[in-house]
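Heads up, the thing below is written out as structure tokens.
Protein chains in written order, with the working numbering: chain H, 1 to 259; chain G, 260 to 570; chain D, 571 to 850.
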């Protein structure tokens with residue numbers, strides 16, 4: 001079983017609009033798929049459909065070999081870093097505790113998080129650079145720190161698939177780079193099948209496998225070289241794209257308006 | 260064609276509602292007997308005893324309600340409109356009647372208030388020995404006067420007089436019936452008093468202050484009411500005092516009425532070993548208590564039995 | 571403090587204390603979920619549904635606690651359902667059920683010719699009249715609530731903290747939410763006999779809110795909530811005994827005082843000890 005995620009002709013309606021139309025793709029295990037596209041293009045809906053939180057009205061979704069109702073059962077093997085919603089400042093939960101919640105799915109009903117889970121949690125906290133904040137109230141963390149907390153939470157359950165929804169949104173420039181680095185590092189180390197959704201093209205530039213341009217339908221899906229160049233992007237975004245080279249690195253500047 | 264069908268249907272609908280001549284002659288015959296309305300079933304019983312079949316008597320309360328806060332129904336105004344006489348208790352017990360009378364706008368309505376001219380017991384008399392209980396339970400005096408058989412007799416005579424006014428031809432009829440009933444009341448009371456005299460213990464506590472006239476008439480003693488005010492639950496302190504007092508004064512029964520919440524009474528019973536007994540202060544509040552004399556008998560006998568240690 | 575011994579020398583005193591402790595326990599535990607998930611209004615709605623249920627029981631001549639449980643669980647279920655299909659908004663839906671069930675209660679009372687003061691006893695409760703039999707039922711329900719809460723401790727934690735993520739992680743959030751509301755309904759029914767419809771909500775909210783002021787650890791919330799409820803019950807009962815005032819209300823007022831104190835002295839009011847962040 002090498003296919004991790006497969007969509008066949010999937011159409012999804014969400015909040016009375018067609019969010020995804022006839023989407024098809026196949027993702028192999030260990031692949032890193034970047035998903036880009038303008039605002040409102042259904043990127044978040046895509047991830048939720050992978051998790052089975054939203055059901056398509058047409059087409060088939062298969063995740064880790066499960067489809068339809070059985071997707072619920074494989075959720076414990078998927079790590080999800082949702083779009084950022086700030087944690088209630090006063091909610092009584094500490095960072096370590098919040099991270100541990102990521103292991104609940106795997107533990108199942110009667111087992112409690114034990115030494116093993118706590119050690120794992122400490123480990124991922126270290127990996128995301130939040131080790132000193134372990135006993136802090138989770139709500140006290142800054143935006144970037146909260147993103148890293150969510151990432152740690154997604155990782156603690158030792159997932160086989162990792163889904164990230166704009167993990168750098170609302171985060172300052174310096175931290176943004178850290179998070180992107182971190183995600184790629186983790187992908188390399190653990191060979192996680194990863195879907196990385198972002199609206200900033202540059203974040204998927206250190207791109208490993210494939211990139212998808214999603215605008216309700218799959219308008220482009222291919223290798224980095226094929227998709228991430230000025231001409232193709234200009235056509236997809238419908239606006240001029242400039243390629244800038246600086247300090248040995250490439251930057252794509254897109255006038256990212258809603259198409 | 261359609262119009263014909265509609266006509267037929269309408270005729271059938273309205274036709275079925277028309278009064279039929281023979282069997283259901285209620286529609287045509289008019290009942291010319293005077294209508295008397297009372298607030299309590301006991302009062303209705305007295306009127307019936309005097310008037311017999313010559314009057315139509317109805318009580319607004321059937322007995323299972325709480326008379327202090329009875330909620331009148333729309334139909335009650337109608338009943339008062341058709342009545343020639345209303346018999347009420349007064350003393351604040353049936354304040355709710357005032358609104359009904361006003362709305363009924365019945366000029367010829369004669370109102371008889373049982374408490375007029377009666378020697379009223381103020382609740383404070385009862386609590387004289389127990390200075391902590393300063394609450395004035397019933398603002399105009401204790402209104403449960405119908406439980407005093409003397410009041411019943413007095414009222415019966417008044418009813419005789421008024422009904423005779425309406426219908427002078429029946430004067431003798433009413434007087435004889437009234438006298439007979441008063442005799443029955445007297446003999447019942449005498450018999451019951453004898454039973455009470457033989458009792459070794461006569462003290463009880465009651466949920467509500469319904470019993471001063473009853474006690475005066477038959478020789479019982481209500482030491483204290485459990486409710487500080489009607490409907491008000493006693494506090495923990497009140498309960499403790501009650502328990503102490505029951506023990507000190509050798510109280511032998513706890514009286515509740517059918518519409519009361521027994522929980523607190525039961526708690527006191529468990530604490531002191533004294534039994535709870537259910538008495539009726541209004542005819543009709545218990546299924547077996549169907550008229551006034553039965554009420555007196557039931558109450559005295561039941562209470563006597565409890566006080567002498569019976570079930 | 572001889573007042574305590576005096577009070578406990580009476581059977582009704584001991585029963586009242588035990589009953590209050592049971593009610594305090596279940597309410598303070600479920601109360602943590604109530605305030606963390608913003609269910610206070612739902613709790614009030616369910617409490618008022620209990621009144622409708624009790625009235626129905628009296629009308630039908632059935633044990634009112636049974637009809638109350640049916641009404642409460644039914645209302646809880648409806649609230650859970652409307653939470654999903656948020657056309658109206660859960661707040662509005664609860665407001666409607668709140669009013670409807672109370673109106674039904676009044677209607678049922680109107681149908682009865684018989685006046686029964688016991689029914690109004692459920693509005694205000696009477697902890698002093700609680701019987702041994704009631705205590706047994708209350709104790710059994712307390713055990714059920716504690717076991718279920720313990721069983722689903724981590725699931726409820728996740729559900730309360732972040733419902734969507736809990737679902738994404740594979741937890742059956744629909745069922746868990748329903749169980750939580752079901753527990754809430756049970757707790758309400760157990761408690762109304764003791765403190766009445768009007769005061770149950772207070773016991774659901776105040777002790778947990780007190781704990782919220784004092785700690786940032788989830789587990790600690792349960793402990794502190796329980797402690798403040800128990801203290802309120804004991805102090806409230808004794809105080810009501812000394813002053814000769816209604817017990818249920820005194821318990822609630824003492825709990826309120828506790829909350830006030832906790833707010834004033836709350837460590838959360840000042841800076842976070844670790845990161846120095848000022849909290850508002």
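Don't be surprised by glycine CBs; every beta carbon is placed ideally from N, CA and C.
Please read these numbers as outputs of a predicted model, since none were measured by experiment.
Test: residue 148 of chain H CB closer than 8 Å to a CB of chain D = False, the Cβ-Cβ gap to chain D never drops below 8 Å.
query = Can a CB atom of chain G be found closer than 8 Å to the CB of residue 686 of chain D?
reply = yes
ask   = According to the Cβ coordinates, are residue 157 of chain H and residue 105 of chain H closer than 8 Å?
value = yes
Residue 444 of chain G versus residue 320 of chain G: straight-line alpha-carbon distance, rounded = 23 Å
inquiry  = Which residue marks the beginning of the alpha helix (DSSP H) containing residue 420 of chain G, and which one marks its end?
reply    = 408-425
task = Taking residue 518 of chain G as the query, report the chain D residues whose CB atoms sit under 8 Å from its CB, ordered along the chain.
result = The contacting residues are 684, 685, 686, 687.
request  = Tell me the start and end of each unbroken beta strand (DSSP E) in the stretch 331-371 of chain G that is at least 3 residues and wholly inside, in chain order.
outcome  = 344-347
ask   = When you check each C-beta in the stretch 471-504 of chain G against every C-beta of chain D, which residues fall closer than 8 Å?
value = 490, 492, 493, 494, 495, 496, 497, 498, 499, 502
task = Anything in chain D within Cβ reach of residue 526 of chain G, meaning under 7 Å, just list it in chain order.
result = 582, 698, 699
query = Between which two residues does the alpha helix (DSSP H) harbouring residue 317 of chain G extend?
reply = From DSSP, residue 317 of chain G is part of no alpha helix (DSSP H) but of the beta strand (DSSP E) over 315-318.
query = If you measure beta-carbon to beta-carbon, which residues of the stretch 794-818 of chain D are closer than 8 Å to chain G?
reply = 807, 810, 811, 812, 813, 814, 815, 816, 817
query = For residue 539 of chain G, does the three-state DSSP call read helix, strand or coil?
reply = coil
task = Less than 8 Å between the CB atoms is what I'm expecting for residue 233 of chain H and residue 192 of chain H, so what's the real figure, rounded?
result = That pair is no contact at about 27 Å.
query = Which of the three DSSP states, helix, strand or coil, is assigned to residue 80 of chain H?
reply = The DSSP-derived three-state label of residue 80 of chain H is strand.
inquiry  = How far does the alpha helix (DSSP H) with residue 439 of chain G in it extend, from its first residue to its last?
reply    = Its alpha helix (DSSP H) spans residues 430-456.
Span separating the alpha-carbon of residue 582 of chain D from that of residue 526 of chain G = 6 Å
message = Under 9 Å, CB to CB, which of the residues in the stretch 723-739 of chain D have a partner in chain H?
response = Of all residues in the stretch 723-739 of chain D, 723, 724, 725, 727, 728, 730, 731, 732, 734, 735, 736, 737, 738, 739 have a Cβ within less than 9 Å of some Cβ in chain H.
ask   = beta strand (DSSP E) containing residue 296 of chain G: first to last residue?
value = 294-297
request  = Can you give me, in chain order, the residues of the stretch 300-334 of chain G that have a beta carbon less than 7 Å from any beta carbon in chain D?
outcome  = 321, 323, 324, 325
ask   = Residues bridged to residue 815 of chain D by DSSP?
value = Answer by DSSP bridge pairing: none, since residue 815 of chain D is not bridged.
query = Which residues in the same chain as residue 30 of chain H place their Cβ atom closer than 7 Å to its Cβ, once the five residues preceding and following it in sequence are excluded?
reply = 191, 193
query = Helix, strand or coil: how does DSSP classify residue 680 of chain D here?
reply = Here residue 680 of chain D sits in helix by DSSP.
query = What residues of chain H sit near residue 785 of chain D, judged by a beta carbon separation below 8 Å?
reply = 92
ask   = Of all the CB atoms in chain G, is at least one closer than 8 Å to the CB of residue 613 of chain D?
value = Not one chain G Cβ lies under 8 Å of residue 613 of chain D.
inquiry  = Within a Cβ cutoff of 7 Å, which residues of the same chain sit near residue 512 of chain G, ignoring the five residues on either side of it in sequence?
reply    = Taken in chain order, the residues that qualify are 463, 533, 534, 536, 562, 565, 566.
request  = Note down, one range per segment and in chain order, each beta strand (DSSP E) of at least 3 residues found wholly within the stretch 33-63 of chain H.
outcome  = Correct list: 58-63.
request  = For residue 835 of chain D, go through chain H and note every residue whose CB falls closer than 9 Å to its CB, in chain order.
outcome  = Neighbours of residue 835 of chain D on chain H: none; closest Cβ ~16 Å, over 9 Å.
message = Taking the alpha-carbon of residue 835 of chain D as reference, which of D:811, D:782, D:801 has the nearest alpha-carbon?
response = D:782
message = Is there a C-beta anywhere in chain D that falls below 8 Å from the one on residue 72 of chain H?
response = yes
inquiry  = If I follow the unbroken alpha helix (DSSP H) through residue 154 of chain H, where does it start and stop?
reply    = 143-156
ask   = What in chain H is Cβ-close to residue 782 of chain D, meaning under 8 Å?
value = 90, 92
query = Could you check where the beta strand (DSSP E) with residue 210 of chain H kicks off and where it finishes?
reply = 210-215
task = Report the residue from D:676, D:648, D:680 whose alpha carbon sits nearest the alpha carbon of residue 666 of chain D.
result = D:648
task = Using beta-carbon positions only, say whether residue 628 of chain D and residue 686 of chain D come within less than 8 Å of one another.
result = yes
request  = Examine chain A for any beta-carbon lying closer than 8 Å to the beta-carbon of residue 196 of chain H, and answer yes or no.
outcome  = Within the model displayed, chain A is absent; protein chains H, G and D are what it includes.
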